[in-house]
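So the protein lines, in turn, are chains A and B.
According to the numbering used here, the first sequence holds residues 1 to 136 in order.
According to the numbering used here, the second sequence holds residues 1001 to 1136 in order.
One structure below.
Protein chains: 2
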Amino acid sequence: MNVQHGLDRLMKKGYKYTKKREDILRYFNQENRYWSAKDLLRSMRASHESISFDTIYRNLYLFVQLDILEVTDLNGEKHFRIKCDKHHHHFICLMCGITKEINLCPIHDVIKELPHYFIEDHKFEVYGTCPTCKSA
Amino acid sequence: MNVQHGLDRLMKKGYKYTKKREDILRYFNQENRYWSAKDLLRSMRASHESISFDTIYRNLYLFVQLDILEVTDLNGEKHFRIKCDKHHHHFICLMCGITKEINLCPIHDVIKELPHYFIEDHKFEVYGTCPTCKSA
DNA sequence: TTTTATAATCGTAATCATTCTTATTTACAA
DNA sequence: TTGTAAATAAGAATGATTACGATTATAAAA
Chain A
1 MNVQHGLDRL MKKGYKYTKK REDILRYFNQ ENRYWSAKDL LRSMRASHES
51 ISFDTIYRNL YLFVQLDILE VTDLNGEKHF RIKCDKHHHH FICLMCGITK
101 EINLCPIHDV IKELPHYFIE DHKFEVYGTC PTCKSA
Chain B
1001 MNVQHGLDRL MKKGYKYTKK REDILRYFNQ ENRYWSAKDL LRSMRASHES
1051 ISFDTIYRNL YLFVQLDILE VTDLNGEKHF RIKCDKHHHH FICLMCGITK
1101 EINLCPIHDV IKELPHYFIE DHKFEVYGTC PTCKSA
């Protein structure tokens, strides 16, 4: 999901193009990791001095709703990242924040274990230290 | 982990017995589910009218630290439940909040998949509707 | 190009969960 | 019974997030 794909999806749904929206997508495309709303605000202020919290949050959740970003709770704060094309989960480095795909999803086995339950969603996250931070 | 076990562990570590602490443990022992700090406060006010937020949070995190309770983030709010004796994960019903053990943990396969990573923790939660709520 | 409708944004106040601070009370060991 | 550290109450402070009225910008129509 690159910047252009995100913008295309946005406009196809009738939302308007703005430079801020493009820059938000650029921000998330530059690195494979989660960022908080505050992280994004800090970066955006460099090029858009008067951008407001409202714009940050409104667009973050718009992108989540359009399946362009995904969101998770990391110690009580919402964090966002580019949505991956195929379903998978992430290892998250607690030191640098970088994420790495885990190509292993246990949900199908769980469905078998819970025959009378209706399963809507699941979350699987692994936390620790990445090789780079470990050797530093 | 019943009420008496929790209190024993508490006192063995040098913390004092209080009726409030006992009642907090009773609250979590009565049902197999997560409750928020606010849920607990509401219930505690029935028998301890002037109990404060501070007492609620201080004891919740004390119990987490002593491995008597476990904590998770459910849509931006911390929720707590009795810690299970053996490691496992939970299905959480989005309608009634009840939880059910999942006897399946994928972490060992993940460790194999990430040889140069140091893994400290992981979270696996499954969300949906339990059989009781589904048929209602 | 100009006009128009409405989507998007700004600036700031409000809200909500959580944490902190200070004074007071309580548990329990001596 | 008394002394002392732990525990608590009350409420202020904090920090993330949401809400809101006024203003500005986008995109489509004239």
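We put the beta carbon where it would ideally sit given N, CA and C, even for glycine.
The contact set of A:E70 on chain B, defined by CB atoms closer than 9 angstroms, is empty, because the minimum CB distance reaches about 15 angstroms. Contact check for A:R33 and A:T99: beta-carbon distance about 5 angstroms, within the 8 angstroms limit, so the pair qualifies. Using a CB distance cut-off of 7 angstroms, B:F1080 does not count as an interface residue toward chain A.
A:F118 has its alpha-carbon roughly 24 angstroms from the corresponding atom of B:I1082. Sequence-ordered contacts of the region 24-57 of chain A with chain B are nonexistent [C-beta pairs closer than 8 angstroms].
In the structure shown, B:I1068 adopts coil according to DSSP, grouped into three states. By the neighbour-count definition (other C-beta atoms within 10 Å, threshold 16), A:C93 is a buried residue. When secondary structure is reduced to three states using DSSP, A:T55 falls in the helix class. Distance from the CA atom of A:L10 to the CA atom of B:D1085, rounded to whole angstroms, is 48 angstroms.
Proximity of chain B to A:H116 at the Cβ level (cut-off 7 angstroms) is accounted for by P1131, in chain order.
Within the DSSP secondary-structure output, A:F91 pairs in a beta bridge with A:K100, A:V126.
Counting only the Cα atoms, A:H90 lies some 10 angstroms from B:H1122.
The beta carbon of A:K13 lies closer than 7 angstroms to those of L66 in the same chain, with the five residues before and after it left out. Counting C-beta pairs with one atom in each stretch, the region 128-135 of chain A and the region 106-118 of chain A have fewer than three that are closer than 8 angstroms, which means they do not touch. Contact between the region 95-109 of chain A and the region 1102-1111 of chain B is present: three or more C-beta pairs spanning the two stretches fall below 8 angstroms. Non-local beta-carbon contacts of A:F28 in its own chain, meaning distances under 6 angstroms to residues more than five positions away in sequence, involve I82 in chain order.
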